[in-house]
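Below is one structure, written out as structure tokens, with a few remarks after it.
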Amino acid sequence: MTNPEHPNRGPSLLDYIRSAFFFRWNLLALFGGVGAALLSGHADVALPLVAAAELSYLAGLTAFPKFRAAVDAQIHAQNNPPPATEPAPDLQTVLNGLITPARQRFERLRTRCLEMQKIAASVRTTGPLSRNQPSLAQATAGLDRLLWVFIRLLYAQQAFQRFLTSTDVGAMTTQLDSLRRKFEDAKNRNDDRLIKSLTDSIATAELRLENVNKARENIEFVAVELDRIEGKIQALVEMAVSHEDPDYLTSQVDSVAESMAYTESAIRDMDHITGFNRTSSQAPPAILAAELGRVVE
Numbered sequence: 000m001t002n003p004e005h006p007n008r009g010p011s012l013l014d015y016i017r018s019a020f021f022f023r024w025n026l027l028a029l030f031g032g033v034g035a036a037l038l039s040g041h042a043d044v045a046l047p048l049v050a051a052a053e054l055s056y057l058a059g060l061t062a063f064p065k066f067r068a069a070v071d072a073q074i075h076a077q078n079n080p081p082p083a084t085e086p087a088p089d090l091q092t093v094l095n096g097l098i099t100p101a102r103q104r105f106e107r108l109r110t111r112c113l114e115m116q117k118i119a120a121s122v123r124t125t126g127p128l129s130r131n132q133p134s135l136a137q138a139t140a141g142l143d144r145l146l147w148v149f150i151r152l153l154y155a156q157q158a159f160q161r162f163l164t165s166t167d168v169g170a171m172t173t174q175l176d177s178l179r180r181k182f183e184d185a186k187n188r189n190d191d192r193l194i195k196s197l198t199d200s201i202a203t204a205e206l207r208l209e210n211v212n213k214a215r216e217n218i219e220f221v222a223v224e225l226d227r228i229e230g231k232i233q234a235l236v237e238m239a240v241s242h243e244d245p246d247y248l249t250s251q252v253d254s255v256a257e258s259m260a261y262t263e264s265a266i267r268d269m270d271h272i273t274g275f276n277r278t279s280s281q282a283p284p285a286i287l288a289a290e291l292g293r294v295v296e
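Going by numbering that gives the first Met the number 0, the sequence shown opens with residue 0, and the numbers climb by one from there.
Structure, rendered in structure tokens:
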């Protein structure tokens, strides 16, 4: 048995013997030999021979390098099981992580998409092109993709806003100015030790301010992209009213979804902030078909 206090120790001789003994063909041969010895009428002679043969087998197999390697691999796998794959959170859980204004903004956009679906579906069943029309599944997949990008942008916006809210830029700037003055004073005194320390401190302070500036740039980009997606979907909704050809609507949805490639690439660079590392590479969930709880407006 493996010592619980040393779960990762190497296999012992007992481990090799146990594996060799419980090998199914050995058990079959051993029980067959014992049975034959008992039926032979000379059990007092035959049983010791069976035991000797078993000991010889165990000694030979446990000394065999390939057998030892196989046992080593088996015990290593038992002591080091693969990490359990954590399932991606469901859509409702993801939405619950948004603050109320962001969640309501998403719900309004999803409602517009559902409106477009209904209009396009009614055109298919009542319009002059109702026969042999292709399924709207492709358009739905495109809308799901747009909404999934929208959700991740909302998460990014939320994360950057929290970062900027918790950051005192004024204090950071004051600290950097103070460090620079101390650095100049240390240079005048030729204090090499202090100069080295202050150089590192100044670099750290400058990096913190750079992070703030990057966050501001990112939050501006996210805000523009959120407005862009909302505008695109609103245009698609209006198009669903003014065009009777659902194929045309589907092609427009696909075109808009494909235009999100750059945005999706930019979002992936922000996944370490939004916490979407596990799910960002997966296909968008079925957002329009999902039964979601609503936030009271």
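Ideal Cβ positions, reconstructed from N, Cα and C, are used throughout, including at glycine.
In this text the structure is predicted, and so the values were computed from the model without any measurement.
Here residue 238 carries a helix assignment [DSSP, helix/strand/coil]. Here DSSP, grouped into helix, strand and coil, assigns residue 250 to helix. DSSP places residue 41 outside any alpha helix (DSSP H), giving it a letter other than H or E.
One alpha carbon belongs to residue 99, the other to residue 173, and they sit about 35 angstroms apart. Selection 291, 160, 180 evaluated against residue 211 yields 160 as nearest (Cα-Cα). According to the DSSP assignment, residue 180 belongs to the alpha helix (DSSP H) that extends over 168-187. Contact between residue 201 and residue 180 fails: their C-beta atoms lie close to 11 angstroms from each other, not under 8 angstroms.
The C-alpha of residue 156 lies about 56 angstroms from the C-alpha of residue 11. Listed in chain order, the non-local C-beta contacts of residue 90 below 6 angstroms within the same chain comprise 284, 289, local neighbours out to five positions each way being set aside. Runs of the beta strand (DSSP E) lying entirely within the stretch 5-34 and spanning at least 3 residues: none are present. Looking at the backbone, the Cα of residue 216 and that of residue 209 are separated by about 11 angstroms.
Within the same chain, 25 come within 7 angstroms of residue 56 by CB-CB distance, once the 5 residues on both sides are set aside. When DSSP states are grouped into helix, strand and coil, residue 268 belongs to the coil group.
Remark: C-beta atoms of residue 251 and residue 269 do not approach each other more closely than 8 angstroms. Relative to the Cα of residue 142, the nearest Cα in the group 152, 167, 151, 115 belongs to 115.
With contacts defined by Cβ atoms closer than 8 angstroms, residue 255 and residue 225 do not form a contacting pair. Following the DSSP letters along the chain, one finds residue 74 inside the alpha helix (DSSP H) bounded by residues 64-78.
In this model, residue 154 and residue 265 are separated by some 13 angstroms (Cα to Cα). The residue among 107, 39, 150 with its C-alpha nearest the C-alpha of residue 263 is 150.
Here residue 286 carries a coil assignment [DSSP, helix/strand/coil]. In the DSSP annotation of this structure, the continuous segment of the alpha helix (DSSP H) that includes residue 94 starts and ends at 90-95.
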